[in-house]
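To keep things clear, I will list the structure first and then write my remarks on it.
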Amino acid sequence: MNNSKIVIADQAISNNLLDGYLKFQLNQQTTAVISMKHTQEAVMLPVETVTSMPNLPACILGLMNWRSRIVWIVDLPKMLNLEFLDHRPRQYNVIVIKVEALLLGLVVHEIKGTTKFMPDDIGSPVGQVASSLVPYLRGCVVQQEEILLVLDAQAIVDSSILRND
1 MNNSKIVIAD QAISNNLLDG YLKFQLNQQT TAVISMKHTQ EAVMLPVETV TSMPNLPACI
61 LGLMNWRSRI VWIVDLPKML NLEFLDHRPR QYNVIVIKVE ALLLGLVVHE IKGTTKFMPD
121 DIGSPVGQVA SSLVPYLRGC VVQQEEILLV LDAQAIVDSS ILRND
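Residue 1 is where the sequence shown starts when you use our numbering, and the numbers rise one by one after that.
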């Protein structure tokens with residue numbers, strides 16, 4: 001009888017060791033996740049609420065007002081050189097991330113919800129995905145026969161594409 005309590009306690013402990021991630025579609029074929037540690041909010045935003053700015057890389061859509069703060073909005077699939085089908089959406093699915101003090105809005109195809117997995121489940125992305133994606137990834141996870149790209153929020157905000165150095 002005591003053994004069953006130990007098993008339950010082990011399950012509870014292991015459940016607490018799972019890291020939480022926001023799951024989303026970058027495009028029709030590519031599913032990705034980003035750590036909940038960096039995720040501030042997922043919002044649907046009318047296209048008109050983003051103010052475009054001239055002379056910026058094509059992946060930077062503009063600025064938005066988010067909770068009385070001005071935030072840059074980035075077309076994440078375009079930044080990662082992925083095909084994105086809907087070129088004239090009426091609204092954006094935006095994931096607001098925060099890395100240190102920097103806020104950034106990431107536009108994605110569709111927000112799917114949340115998922116959890118162990119840090120040890122993250123495998124190398126090399127050979128699994130296009131080499132151009134690797135600098136933006138912590139790795140890949142296979143979950144229910146689906147490969148999830150585990151994005152690295154720090155690498156995204158530090159991208160030379162977004163820098164004006």
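Just so it is clear, CB atoms sit at the ideal spot from N, CA and C, and this is done for glycine as well.
For Thr49, I'd like the list of residues in its chain whose CB is within less than 7 Å of its CB, leaving aside the five on either flank, ordered along the chain.
Met64
7 Å Cβ shell around Thr115 - same chain, five flanking residues per side excluded
Tyr21, Lys23, Val33 and Gln143
Whole angstroms is fine: what's the gap from Val74's alpha carbon to Cys140's?
22 Å
Give me, in chain order, the residues of the same chain whose beta-carbon lies closer than 7 Å to that of Ile161; leave out the 5 immediate sequence neighbours on both sides.
Pro57, Cys59 and Met79
Ordered list of beta strand (DSSP E) runs contained in the region 120-163, each at least 3 residues
137-143 and 146-151
By the three-class DSSP mapping on this structure, what secondary structure does Val107 have?
strand
With a threshold of 7 Å on Cβ separation, who are the neighbours of Glu146 within its own chain once the five nearest residues in sequence on each side are excluded?
Within the same chain, Glu146 has close Cβ partners Thr31.
Going along the chain, which residues of its own chain have a beta-carbon closer than 6 Å to the beta-carbon of Ser52, five neighbours each way excluded?
Gly62
Note down, in chain order, each residue of its chain lying with its Cβ closer than 7 Å to the Cβ of His38, except the 5 sequence neighbours on either side.
Ile97, Lys98, Val99 and Ala153
Would you kindly check if the distance between the Cβ of Ser132 and the Cβ of Asn81 is under 8 Å?
yes
Burial state of Asn27, where buried means 16 or more other Cβ atoms lie within 10 Å:
buried
Start and end residues, beta strand (DSSP E) containing Lys23
Asp19 to Gln25
So, with DSSP's three-state summary, where would you put Glu166?
No answer is possible for residue 166: it lies beyond the span of the chain, which begins at 1 and ends at 165.
Please report the residue range of the beta strand (DSSP E) in which Gln91 lies.
Gln91 to Val99
Alpha-carbon spacing of Glu41 relative to Glu110, whole angstroms:
14 Å
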